[in-house]
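Have a look at the structure below, then the notes.
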Amino acid sequence: MPVHYERDAEGVVTLTMDMSGSANVMNAEYTEAMGGAVDRLEAERDEITGVVLTSAKKTFFAGGDLNVLVQVRPDNADEALSGVTGVKAQLRRLELLGKPVVAAVNGAALGGGLEIALACHHRVVVDDDKIKLGLPEATLGLLPGGGGVTRMVRLLGLQAALPLLMEGRQLRPARALQAGFIDELATDRDDLIAKARAWIAANPAPRQPWDKPGFTIKDMRVGDPNVYALLGAAPAVLRKKTHGAFPAQEKIMAAAVEGALVDFDTALKIEGRYFLELASGQVAKNMITAFWFQLNEINAGGSRPSGVDRARTTKVGVLGAGMMGAGIAEVSAKAGIEVVLKDVTREAAEKGANGVPGITATDSDADLAGCDLIIEAVFENRELKGKVLPAAESAALPDAVIASNTSTLPITGLATAVSDPEKFIGLHFFSPVQKMRLVEIIRGEKTSDETLAKAFDYVLQIGKTPIVVNDSRGFYTSRTFGTYVTEAVTMVAEGVKPALVENVARKAGMAVGPLAVSDEVTLTLQLKIRDQALADDPDAAPLGDHPAYRVIEELVGLGRTGKSGGAGFYEYPEGAKKFLWPELVTRYTRDDAGVSEQDVRDRLLFVQSLETIRCLDEGVLTSARDANIGSIFGFGFAPWSGGTLQFANSYGLAAFVERADYLADTYGERFRPPASLRERAARDEQF
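Sequential numbering from 1 applies to the sequence shown in the UniProt record's numbering.
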C-alpha cells in the first residue's frame, strides 16, 4: 500500500507513506492513497486518539512530480488546477480532523513534503544535519502550491516567511527549529515516534493557529493603514529589484501579500491561481529543465567516462597561494582532503592557508609527496605554469592527476610541461571559489578517461558541480562569457549609453552588468588574454582591431585599469557606491546611435547563445546540460532562461534564427546563425 494505515490499541493511527519508487512524490498514486487514508480517518474519527504521519523511505517526502509539472500548459491548466486543489483539500481535511496529527519527519522534507508537514498540528524531526527542510520551489521558477505560502506566512509572519519562500532556503533541522516552522527535534527514529505519541497524549484536541478565533498574522495589525500601504507597495518594490526577470519571486510576494489580507481558505485559492500561472509558463519549464533534470544528470555522472571505478582524492597539492589557490585549498580541506599549499615563500603560503585546518603551507616541492592530485593555480602565464609543473609532478605519486586552473590557456599546450600528458587535465574554478558552484573540467587531446573520471569524482567530492568540455582557447565558459563583455563594450564604442547597456543586462536577468564585470576581471587582463591569443594565432584577425579593445586600450592608457586599480568603466569612491564614469558619455555616447533597448538586450543574450552553439559544432561542448548549467553557474547567464541553449529552445529555433539574421544584417556577422542551427530549426529539433 502506498500509505500504510495502522491503528494500535490506544487509538493512535500511524500513516506510513511508502510510494512506489525510491522516494515519496506528490503524484496520482499519492493523491489516491492519501485520499483513501483521510476518508478512513474521518470514518473512524470517534475511535482514534491521534495520527502520526511518517515515511518508510530514507526521505520523508520529495515533493511534487516534476515530470508531471513540466507538462502543464495553458491549455491543460484547468486540469492541473483541479489536481492541486484536490491535494490541498486533503490536507485541509487532515488538519480539521479534530484529532491531533503529528508529522514524524525522518528524512528530507522539501517542497510538497514540508507542505504536508505544515498541515499537521505538530512537527517532530530527527536531528540529523543531512536532513534538509524547506520550500525550494522558487529556485525552479515555481511557488509552493500545496498550501506552503499560506501556512508559512501564518505560522511565521510575512517578514520571516518571505525570505524562506522567495529564496527557496533549505535548512537543517536545528535551524528550522530556530526559524519556527518545526516544533521539536528527536535523536533517532524511535525517539521520533515516541515524541510524536507523547504530544498526541498531551494535546487531545489541537487546532491550527489560523483556525482559532481572533487569529492574526504576527506582523499584521488589523486596521492599521500603514500596514496596508506597505503591503500594497511591496510587489512594486520587488519588481523594481527583479526587473521582471524572476516571476516566481514576484508571484510568491503577491500570493503572500494578497493571502495575508483574506481568510485562510481564500488565501489557498489565491496561492493556487499564482501557482498555475507559473507552472504553465515557459520560465518554470526552463528552470525545471536546467536546475532539476539537467543538473541531476550532471551530478549523477552524465559526462563522466563509463567503465572507470570511482575514486576518492586523499591528498591534494595546490601550487600558488593567491586568491584562487587559497580558495581551492580551503574547499578541499573542508571536504576532508589533506591539502598542501605551496608558494615561492612559506610566508606567502601561510597567508593563503589562513589558518584553515587541514592545510599545510610550504615552499618546498618535497612536501607534495603522496599527493594523488596536483592543481596548479599560479598566474595566467604559460611560461610560469610550465616552470612549476615538472617539479610538482616529480614529487607527487606516480599516478597522480596533474591539473591546471587556467581559465583560457589551451590544456593540450600546457600538458607538454609534464612527463605524461594522459595524466594532465584542466580544472577551471571560478572566483570566489568558496561560493561558486561550478568547476569546468577541460579534457586535453591526450587526457585519458581515467584522469577525467578522477577529476570528475574530485569535483563532486568537494561539493561542486562539474561540467566537461574539450580543449580550445577559453574553453567554453571564458570564451562565451567573453562575448558578453565584448559585445557590451562594442555598444559603448558605437555610441550607446553605458548606463543603458548595464541596466538592460540586469533587466535581462544577467547576474552582473557587463561593464561592471569587465572592471572586476580588470581591463589589463582582458588585453593580456587578447595579446596571448594574437601571439598564438596571428590570424585571429578580429581581435587585433576590434572596437571593444580600442575602448579598453584607451581606458587603460588613462590609468583606468579596473576595480582593483581604483577606476575603470566605473568610479569607486571610498566608502560610497560605485557609479559609471561620467566621461564615458562625453567620449563615446552619440545621440544618433539608434540602438533600441530590445536590440541591446538581444545582442547581449544572442551573442552568448550563438557562441555556445559554435562550441557544440566544434566539439568543445558535447551536451546541452553542460552548456546550460555551465552558463548559469559559471558566468551568471539569466537563470530564468534555463541556460544559453535552453534560451534558444524556448525562443523557438525558427524565430531565433530569424532574429539572429536581423542582428547579423544590422550589427555584424558574429550574429549569423551557423548552418547547424538552421538545419536544426528546419527539423524543429531542440537542443
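Just so you know, even glycine gets a beta-carbon here, dropped at the ideal spot from N, CA and C.
None of these values were measured; they are calculated from a predicted model.
Query	Result
What's the call for SER676, buried or exposed, on a 16-neighbour Cβ count within 10 Å?	exposed
If you scan the segment 109-166 from start to end, which runs of the alpha helix (DSSP H) of 4 or more residues do you find wholly inside it?	112-118 and 148-156
Under 8 Å by Cβ, that's how I've got LEU261 and ASP219 pegged, so tell me the actual separation to the nearest angstrom.	At roughly 13 Å, the Cβ-Cβ gap does not stay under 8 Å, so LEU261 and ASP219 are not in contact.
Spatial neighbours of THR242 within its chain, please: CB distance less than 8 Å, with the 5 preceding and 5 following residues excluded, ordered by chain position.	GLN249 and GLU250
Which ranges would you report for the alpha helix (DSSP H) in the segment 449-523 if only whole runs of at least 4 residues count?	449-461, 477-494, 498-507 and 514-521
Taking the CB atoms as reference points, tell me whether VAL124 and LEU192 lie closer together than 8 Å.	yes
Nearest to ALA186 by CA position, among GLY146, ALA104, ASN203 and ALA108, is which residue?	ALA104
Excluding sequence positions up to five away, which residues of its chain have a Cβ less than 8 Å from the Cβ of GLY35?	GLY86 and GLN90
Which first and last residues belong to the beta strand (DSSP E) in which MET17 is found?	12-17
Hey, how far is the Cα of TRP581 from the Cα of LEU653?	39 Å
Which residue spans inside the segment 289-366 form an unbroken beta strand (DSSP E) run of at least 3?	315-319, 338-342 and 359-362
So, for SER564: in the same chain, excluding its five sequence neighbours on each side, which residues have a beta-carbon less than 8 Å away from its beta-carbon?	THR522
Using 8 Å as the limit for Cβ to Cβ distance, is GLU669 near chain D?	Given the protein chain composition of this structure (a single chain), no chain D is represented.
Decide yes or no for the touch test of the segment 425-436 against the segment 393-409: beta carbon pairs closer than 8 Å, at least 3 of them.	yes
Determine the burial state of ALA138: buried for a count of at least 16 other Cβ atoms within 10 Å of its Cβ, exposed for fewer.	buried
Of all the options ASP188, LEU171 and ARG189, which has the alpha carbon lying nearest to the alpha carbon of ILE182?	LEU171
Should TYR588 and VAL492 be called a contact, given that it needs their Cβ atoms to be closer than 8 Å?	yes
So ILE441 and PHE456 are supposed to be a Cβ contact under 8 Å. How far apart are they, rounded?	6 Å
In chain order, what residues of the same chain lie with their CB nearer than 6 Å to the CB of ARG73, ignoring the 5 residues before and after it?	SER280
Identify the continuous alpha helix (DSSP H) that holds ARG175 and give its terminal residues.	173-179
Within the continuous beta strand (DSSP E) that includes SER404, where are the two ends?	401-404
Going by C-alpha distance, which of ALA396, LYS212, GLY413 and ASN354 is nearest LYS385?	GLY413
Cutting at 7 Å between CB atoms, please list the residues of its own chain near TYR5, excluding the five before and the five after it.	VAL13, LEU15, ALA37 and ARG40
Going along the chain, which residues of its own chain have a beta-carbon closer than 6 Å to the beta-carbon of MET166, five neighbours each way excluded?	ALA138, GLN249 and ILE252
What's the call for GLN526, buried or exposed, on a 16-neighbour Cβ count within 10 Å?	buried
ASN628 to ILE462, Cα distance in whole Å?	21 Å
Could you work out which residue in VAL283, VAL51 and GLU330 is closest to ILE200 when comparing CA atoms only?	VAL51
Mind listing, in chain order, the continuous alpha helix (DSSP H) runs of no fewer than 4 residues lying wholly within the segment 182-224?	189-202
How would you write the range of the beta strand (DSSP E) that SER55 sits in, first residue to last?	50-55
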